[in-house]
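Comments concern the structure below.
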Amino acid sequence: MNDGVNGVALAVFIFFFLAVTVMGFLASRWRKAENENSLDEWGLGGRSFGTWITWFLLGGDLYTAYTFVAVPAAIYAAGAAGFFAVPYTILVYPLIFTFLPRLWSVSHKHGYVTTSDFVRGRWGSKGLSLAVAVTGILATMPYIALQLVGIQAVLDVMGVGGGEDTNWFIKDLPLLIAFGVLAAYTYSSGLRAPAMIAFVKDTLIYIVIAVAIIYIPIKLGGFDEIFAKAGEAYSQTNPATGAPRGALAPGEAGQWTYATLALGSALALFMYPHSITATLSSKSREVIRRNTTILPLYSLMLGLLALLGFMAIAAGIKVANGQLAIPQLFETMFPAWFAGVAFAAIGIGALVPAAIMSIAAANLFTRNIYKDFIKPDATPEQETKVSKLVSLLVKVGALAFVLTMDKTVAINFQLLGGIWILQTFPALVGGLFTRWFHRWALLGGWAVGMIYGTVAAYGVASPTQKHFGGSAKEIPGIGEIGYIGLTAFVLNVVVTVVLTFVLRALKAPEGIDETSPEDYTADAGDPGVKVELPPATAGAAH
Amino acid sequence: MSEAPEVGPPVVTPVRVVIAVCLVAPFVAMLWVGSYAKVDPTFIGIPFFYWYQMAWVLISTALTMIAYKLWQRDQRARHGGTK
């Protein structure tokens with residue numbers, strides 16, 4: 304890919320990497336609470352984060368390195384269709400504005416650490432809670448693996464990814480080191496580490512995007528020129544499909560796909576365990592609502608970033624692997640030192656979400672599998688210990704996944720993960736607003752959605768893959784091509800509603816609801832909101 | 169949003185309708201892809217399809233902010249100004 308190591312860029316990259324490593328380890332002392340050995344401390348940063356930290360944390364968490372590489376890569380490959388990420392992130396915020404504060408309140412009141420904790424408490428069903436936990440873990444694992452793919456892309460372009468002929472150990476050594484360091488500070492500092500590193504990551508990303516969006520178009524002769532060249536490239540016929548490569552605006556046929564992908568992804572985003580972990584770590588309900596009004600700044604950045612895909616075409620970047628388009632664009636266009644800054648931004652951009660995801664998956668395992676099924680009398684110390692260990696295991700698993708299997712496997716699983724995680728929506732968001740559904744009906748709907756989604760995705764072929772070739776397929780009964788996850792979700796809801804009627808008619812036991820209506824609107828400082836949750840970090844500056 | 173208690177002021181009020189409209193508008197605008205799937209008019213060389221959606225990032229942010237302010241006011245009025 305590259306003829307030799309880019310020394311200056313590499314030096315800058317290593318500098319930033321070392322800096323965040325030090326920060327990661329120091330983070331354990333940041334706003335330290337008295338009782339370190341509780342899952343609230345390690346896994347939720349003491350539930351003490353204010354508006355700005357939460358903003359950085361959520362931004363760092365949701366807009367991952369993989370996003371930065373994959374969104375422009377999709378634009379580079381096919382044009383307009385890849386831009387759905389923008390409406391997707393636009394729709395997320397009005398959506399979470401309505402339900403996330405309720406989840407925060409009920410979780411604070413009852414000490415819930417994960418979504419499955421809430422599902423168990425609300426529906427009185429360990430089975431349903433297990434289903435949600437397993438779905439969450441399954442969906443998160445490939446996501447972590449993809450963060451590694453993001454780092455690999457950067458290392459490759461810098462020339463330290465090794466060629467095909469180098470032995471595997473040397474080839475993967477940089478990646479192993481990066482992940483070893485990440486695992487170590489996540490283990491010791493918990494959620495505080497990514498929260499602190501997120502500042503560096505986002506600052507770097509914003510600087511890089513701001514520079515790229517001004518500097519590159521000037522060098523390429525303006526946006527007119529860029530889009531003219533891109534339009535020309537898209538109109539070329541792709542020999543593999545016999546159709547044009549893409550378009551600057553989606554045609555009639557692609558519009559359903561575009562809209563359903565945007566909506567389905569928006570519904571799914573806050574079902575992911577790592578999004579919820581970052582949300583629950585905030586210190587009040589208001590912090591969340593306020594964040595829905597400032598988080599869109601990241602969407603704007605994402606939109607600008609997506610435009611880089613067109614610039615890569617206009618700049619004549621030719622890569623076989625689309626993932627390398629943007630790192631390659633940076634290396635071609637920027638002076639070496641600034642390319643190093645850009646690479647550091649992407650590399651660190653992978654570390655933050657990878658840390659949060661592994662913590663979220665570990666919390667799910669500890670709370671909803673270990674404590675519920677293996678050792679019900681586990682003490683908070685034991686919970687924290689198990690969580691720390693599992694966070695390591697999860698990362699090692701992701702690493703093994705990336706090193707031993709083809710990258711497309713991780714991408715396929717990530718695609719499936721999105722479809723799967725959306726199937727937990729009725730139990731979670733439904734539960735925040737109503738107790739009308741029957742717990743077994745929710746379980747039935749979930750199972751139908753999971754099975755339909757998996758089978759449908761398996762059946763999608765693309766020119767390069769026989770299965771899992773994409774995430775869109777004809778919607779039964781409508782005939783348009785739409786996002787499989789959303790179709791599965793609709794099916795899931797229909798089954799849940801029908802089964803609820805049936806089970807109610809049969810008078811099936813409903814389970815005990817440990818929550819009460821006012822729990823959903825409680826705010827920090829209200830009487831009854833558990834103060835056993837850390838009276839956190841007295842004296843910490845805000 | 170059903171955060172209102174059973175008794176007391178009505179659940180649906182004009183302010184709440186405005187809040188709902190603010191939150192629903194982005195969905196209508198973004199999911200109606202046919203309304204913006206075109207290249208012209210361009211803005212500083214960027215096709216309509218792209219700058220229009222980017223503009224909606226700002227519009228939806230403004231709408232969410234309005235919804236947030238109205239909601240705060242609504243809650244304050246209901247809880248007798250404790251917050």
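Protein chains in written order, with my numbering: chain A, 304 to 845; chain B, 169 to 251.
Ideal Cβ placement from N, Cα and C applies to all residues, glycine included.
Closest option to residue 388(A), judged by alpha-carbon separation, among 647(A), 784(A) and 606(A): 606(A). Interface criterion not met: the Cβ of residue 178(B) is under 8 Å from no Cβ in chain A. If you draw a straight line from the Cα of residue 429(A) to the Cα of residue 741(A), it is about 14 Å long. Distance between residue 722(A) and residue 711(A), taken at the CA atoms: about 17 Å. DSSP places residue 713(A) in the uninterrupted alpha helix (DSSP H) bounded by 710–725. At least one C-beta of chain B is nearer than 8 Å to the C-beta of residue 602(A).
Taking every protein chain shown into account, the CB of residue 770(A) has fewer than 16 other CB atoms within 10 angstroms, so this residue is exposed. Secondary structure at residue 783(A): coil, using DSSP grouped into helix, strand and coil. The continuous beta strand (DSSP E) containing residue 775(A) extends over residues 775–777. Below the 7 Å Cβ cutoff, chain A contributes no neighbours of residue 209(B), its closest Cβ being approximately 12 Å away.
Among the CB atoms of chain A, one or more fall inside 8 Å of the CB of residue 199(B). For the region 791–823 of chain A, not one full-length beta strand (DSSP E) segment reaches 3 residues or more.
Nearest C-alpha to residue 714(A) among 373(A), 513(A) and 314(A): 373(A). Residue-level contact by beta carbon holds for residue 218(B) and chain A, with a gap shorter than 8 Å.
Per DSSP, the unbroken alpha helix (DSSP H) holding residue 432(A) starts and ends at 429–461. At a Cβ-Cβ threshold of 8 Å, residue 666(A) and residue 416(A) count as neighbours.
Only exposed fits residue 684(A), as fewer than 16 other CB atoms lie within 10 angstroms of its CB. Following the DSSP letters along the chain, one finds residue 494(A) in no alpha helix (DSSP H), marked with neither H nor E. For residue 650(A), the enclosing alpha helix (DSSP H) starts and ends at 639–668. For residue 181(B), no Cβ of chain A is located within less than 8 Å of the residue's own Cβ. Residues of the same chain with a CB within less than 6 Å of the CB of residue 670(A), apart from the 5 flanking positions on each side, are 416, 417 and 420 in chain order. Residue 225(B) belongs to the set of residues whose beta carbon lies under 8 Å from a beta carbon in chain A. Cα atoms of residue 588(A) and residue 200(B): separation of roughly 32 Å, rounded to the nearest angstrom. By the criterion of a C-beta distance shorter than 7 Å, residue 778(A) is surrounded in its chain by 785 and 790, once the five residues flanking it on both sides are discounted. In the three-state DSSP reduction, residue 404(A) falls in the helix class (H, G or I). Sorting 178(B), 188(B), 180(B) and 181(B) by C-alpha distance to the C-alpha of residue 235(B) places 188(B) at the top. Pairing residue 798(A) with residue 401(A), the inter-Cα distance amounts to about 24 Å. Taking 8 Å as the cut-off, the beta carbon of residue 449(A) is found closer than this to the beta carbon of residue 369(A). Taking C-alpha positions only, residue 582(A) is separated from residue 344(A) by approximately 14 Å.
Taking C-beta separations shorter than 6 Å and ignoring five residues to either side along the sequence, the partners of residue 734(A) in its chain run 425, following chain order.
For residue 245(B), there are no neighbours in chain A by C-beta distance under 9 Å, as the nearest C-beta there is about 15 Å away. Taking a contact to require three or more Cβ pairs closer than 8 Å, the region 640–649 of chain A and the region 496–516 of chain A qualify as touching.
Each residue's CA atom was taken as its position, placing residue 632(A) and residue 694(A) some 34 Å apart. For residue 405(A), the CB contacts under 8 Å within the same chain, skipping 5 residues up- and downstream, are 735, 736, 823 and 824 in chain order. The continuous alpha helix (DSSP H) containing residue 749(A) extends over residues 742–761.
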